[in-house]
Structure formats: C-alpha cells, structure tokens
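Student:
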Amino acid sequence: MFFIDRWEEIFSTIRKNKLRTFLTGFSVAWGIFMLIILLGSGQGLENGVKSQFGSSAVNTLWVWGGETSMAHKGLKPGRDINFENADYTDIKNHISGIEYMAGRSHIWGDNTISYKNEYGNFDIRSVHPDYGVIEKVKILEGRFINPYDVEQTQKVATIGIAVQDALFKGKPALGEYINVKGVPFKVVGVFEDDDGRQDNQRVVYMPITTAQKVFIGRERVQTMAITIASRDVEDSKRMEDEVRTKLAQRHNFAKEDERAMFIWNGVQEFKQFMDLFAVIELFIWVIGIMTIVAGIVGVSNIMMIAVKERTKEIGIRKSMGATPMSIILLIMQESVFITGIAGYMGLVLGVAVLELVNPYIQTEFFRNPEVNISTAIYATLVLIIAGLLAGFFPARKAASIKPVVALRDE
C-alpha cells in the first residue's frame, strides 16, 4: 500500500504543477533527442565512408607505376615505370605476410562487346584469380577466373550482371560466347559487385595472361593489389617499404622517389578514418551529455523548489515516523519518473526523425543514419543516472529537514 500511496502522491504533485513538470521534462527530452540525432548523424557519416572502402578489402596495398623525378645511377629523371609479370611473381614469392595478391591491366580503346545482335561498351579488366576476393566480387552463377585460366591463357570471361542484362536480355549466359574486340570468349561466370554500384556491374573480367597475349602484346601489369594477412598497420607499413625497395631495385629508381611509383595503403587509411570517427563519437557523447546535464540541473532546481513547497508535509511525515530513507526514495522516485518518461520520449522521437529522413539523405559519403541497440542501452543508462543525479541533492535536503522546524514553516 505504501508503494501505491507513493505513486499517487507523485502523480498528484505532477497534476498540480503541469507547466513546471512539462518544461522540466522538455529540457531532458531535448537533450536526449539531440544526442540521438548527433549519434545517428555520426553513424551515417561513418557508414558512408565505410561504403567507399567496401568495394574492396580494407587491408589492401594498391601499387602502380609512375614517372621518375630523380636521377639515379646515371639514369635521368622522367622515365616511365611499368610493371610486368616478373615483378608480380617476385613480390608474391619473396615478401612475407601476403594474404592475397593480384595484378590488373585494363583494355583501353573501343571496348565494344557483342553477343549475336546485341552490342554494348563495357569496362574490360584482365586480372589474376585473387582479384575476385580482393574486390569482393559476388558470384551469382558459375565462377570467377581461376589459376588454370591464367596458366593456360584461356579465352574465358566472368561478366557483370549489367553486361548479362544488356547482351543476353534475361537469357542464360553461362557457356555462351561473347565477342570481345573480335575475339570469342566463353562466359564462365556472372557476378555482382558487393557494393552494388552500377558502374562496377558493367565489367568483364578475363585472365591477365590472355589479355597480355591477345590485346596488350606484352607482359604489362598496370596495378598490383596485395592484402595483408595480419591487418596490422605496422605490418602494412613494413610490407609497403619492402615492396617499394624491391621494385626500386628491379627498375633502377631511387627508393625515396615517391613519384616513380605509388602505393595506397588501405590499412593505414582505414585505421585513420576509424580513429577519426572514434574521436567524433566521443565528441558527440560529450556534447550530448552536456546538453542532458543542463536538463538535469533544471530538474534538480525544480525538485529543490518542490521540496521547499512541501517542507511542512515532509515534517509531518517525519513526526509520524517516516525515515530519512523513505523521504529520499520518494523525491528520487519522482525525479527518475519525470526524467525517464521525458528522456524516453526524446529517444523515440530522435529515432523516428532519423527513420523519416533516412530515404532522403543518402549520399556517397552519408548513408543510413541510425542508432544501434547498444546506443539505445547507453542512452537508457544515461537517463537513469540523470534522474538519480537530479533527485539526489533535493532528496538529501528533504531528508535533513527537522520535524519541529518543518511544522513551524509557513
């Protein structure tokens, strides 16, 4: 009964002070609302950046040649550095810590590909088998280029789903022959790129050795992709240095000549972005909690006023045997109830706003602003702590009131 009486008293106090309770709760609700919006926006930014890395493995070194800018061993600057199959083989066999490795060369010019009376212009990439793993190619039918295709210079191709739609018009593509620049290639697979971008679906993959022999005319490897097994930043830097050293020796350019060859370290870049987002999330939490603290101060002040207004009532309670702990629980329960209800409304409203605007703010670097279950749990804990803090000091003051003094209060 005492528990029910306590709730009846809390509701009676709220009814008597509707405007004051509303304004108090609004400050807490606004703080939680802003925290959820900020956290969701931060997550949307993080999702957008991750999607840029999502088209390929994040633990990848991308290596391509450039033009020398420094004289080296009697050789003048301005030389083009072009990689070949021997460079690919040397790195793969003599550098430790490689998980996957693939070379890539584009076929330039008129890339018209046909099947019977259907034609289309598509991106042609000649690759090693590991490229499918590195670029997260999702095979829908058949298979990707395999080692046998490369060893035997097979005229086979794995085509994107957009290529299949354009040339085959819904008909099966596996086992059929497409005409690539006048040369027939057998379709052995159909894929969909993992990131879902349309331009990556308009690609035809073929064995790199076949392209070198049929279209390029030499053993040219334009780009090499290397994934680091450890996924460690320091290990990636070590491997980056070893790759640069070995290729500098093979092509007679100064190792410190940064324009002679380029290495994009995906491990390091991804780590830097994740560190940045960790700082952003911390900043958001600090700003959000400071906003909530402002609401807590408001709640605490209101509860202080409520305690002062109820001084005589509290004195009567204590003269009738109410313990200080029962007084503290009454005040803190009221505080937690107000902050909890208001905060929960702010939480729900924040999530609802994120869901409503989500379809309209999808960009390349901002996707799916959302809050996950762990964030909701943390926000709930913040609400509970906020309510306890808001009610603690007024409750302690109420518990310290002496019955004789309270009964004389006007």
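Start counting the sequence shown at 3; every next residue gets the next number (my numbering).
Heads up, the beta-carbon is just placed ideally off N, CA and C, and yes, glycines get one too.
Model, not experiment: these values are computed from the prediction.
Mind checking whether K257 and R246 have CB atoms under 7 Å apart?
Tutor: In contact: K257 and R246 (Cβ atoms closer than 7 Å).
Student: Report the rounded CA-to-CA distance for G76 versus R145, giving the unit in angstroms.
Tutor: One C-alpha to the other measures close to 49 Å.
Student: In angstroms with no decimal places, state the Cα-to-Cα distance between P131 and T70.
Tutor: Roughly 31 Å between the two C-alpha positions.
Student: How would you label M327, buried or exposed, when you count the other beta carbons within 10 angstroms and need 16 or more for buried?
Tutor: M327 is exposed by the Cβ-count criterion.
Student: Ignore the nearest five residues each way along the sequence and tell me which others in A296's own chain have a CB closer than 8 Å to its CB.
Tutor: Hits under 8 Å: S29 and G33.
Student: For the 8 Å Cβ check, are there 3 or more pairs between the segment 145-160 and the segment 226-241?
Tutor: Verdict: no, contact absent.
Student: Which two residues bound the contiguous beta strand (DSSP E) that contains I161?
Tutor: V158 to G162 is the span of the beta strand (DSSP E), which, as asked, contains I161.
Student: Using C-beta distances below 6 Å, list every residue in its chain close to Y117, excluding the 5 sequence neighbours before and after it, in chain order.
Tutor: So the list reads L169 and I180, once near-sequence residues are dropped.
Student: Of the choices V355, R398 and Y380, whose alpha-carbon is the least far from that of S43?
Tutor: Ranking V355, R398 and Y380 by Cα distance to S43 puts V355 first.
Student: Kindly indicate the opening and closing residues of the alpha helix (DSSP H) around G1.
Tutor: Residue 1 falls outside the range modelled here, since the chain spans only 3 to 412, and no answer is possible.
Student: In terms of alpha-carbon separation, which member of E260, D237 and M292 lies closest to E101?
Tutor: Residue D237 is the option with its Cα nearest to E101.
Student: What residue from I38, R220, K18 and I291 has the CA that sits closest to S376's CA?
Tutor: Of I38, R220, K18 and I291, the residue nearest in Cα terms is I38.
Student: Indicate whether at least one CB of chain B lies closer than 7 Å to the CB of M327.
Tutor: Looking for chain B here will not work: only one protein chain is present.
Student: On the three-pair Cβ rule with 8 Å, is the segment 250-268 touching the segment 78-90?
Tutor: At 8 Å Cβ cutoff, the stretches touch.
Student: Assign S107 to one of two classes, buried (16 or more other C-beta atoms within 10 Å of its C-beta) or exposed (fewer than that).
Tutor: That one is buried.
Student: How should L21 be labelled, buried or exposed, when 16 other C-beta atoms within 10 angstroms of its C-beta is the threshold for buried?
Tutor: Its Cβ having fewer than 16 others within 10 Å, L21 is exposed.
Student: For F35, count neighbouring Cβ atoms within 10 angstroms of its own Cβ and tell me buried if that reaches 16, exposed if not.
Tutor: Buried, since its Cβ has 16 or more Cβ neighbours within 10 Å.
Student: Could you work out which residue in F187, I136 and K183 is closest to I161 when comparing CA atoms only?
Tutor: Closest by alpha carbon: F187.
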